[in-house]
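Residue numbers (my numbering): 19 to 154.
Here you go:
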């Protein structure tokens, strides 16, 4: 069975387009993101959790006593900064150039007596099913 010249060219064109789709995708470049997390008064915040949003490896680092951190990510990854009592910040890793990220204190509608900090987040006392200890 002989292919005509036009059918042969069309087949080569489709093959070439398929190859472009497979080999044309370049993976994002791995970068090392270094920075500092500070509060509104520009004081370093130790213990801030920094993770990569929607990461299958659940890669998480914490800031040291000086509020500094280092994490490996791709330039398209979004970093999530979390700390109890502060708002959550989302920043693209490619936009952070050894700079400071500022966390602001979050206000909780209920009074502090009605709020409990647990490893799963912040809950109201009546929603927690575990034992609660109070430290004064």
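Every residue gets a Cβ at the ideal spot worked out from N, C-alpha and C, and that includes glycine.
To the nearest angstrom, how far is the alpha carbon of residue 55 from that of residue 38? Distance between the alpha carbons of residue 55 and residue 38 is about 42 Å.
Continuous beta strand (DSSP E) stretch holding residue 69: start and end: 67-70 is the span of the beta strand (DSSP E), which, as asked, contains residue 69.
Closer than 8 Å by C-beta to residue 65: which residues in its own chain qualify, once you throw out the five before and the five after it? Chain order, please. Excluding positions up to five away in sequence, the list reads 80, 81 and 101.
Please classify residue 87: is it buried, with 16 or more other beta-carbons within 10 angstroms of its beta-carbon, or exposed? Sixteen is the threshold: when 16 or more other Cβ atoms of the shown chains lie within 10 Å of the Cβ of residue 87, as they do, the residue is buried.
According to DSSP, is residue 123 part of a helix, a strand, or is it coil? Judged by DSSP in its simplified three-state form, residue 123 adopts strand.
How would you label residue 69, buried or exposed, when you count the other beta carbons within 10 angstroms and need 16 or more for buried? By the Cβ neighbour-count rule, residue 69 is buried, with 16 or more other Cβ atoms within 10 Å of its own.
Taking C-alpha atoms, which residue in 78, 83 and 36 lies nearest to residue 96? Ranked by Cα distance from residue 96, the first of 78, 83 and 36 is 78.
For residue 63, name the three-state secondary structure that DSSP assigns. In this structure, DSSP gives residue 63 a state outside helix and strand, which the three-state scheme calls coil.
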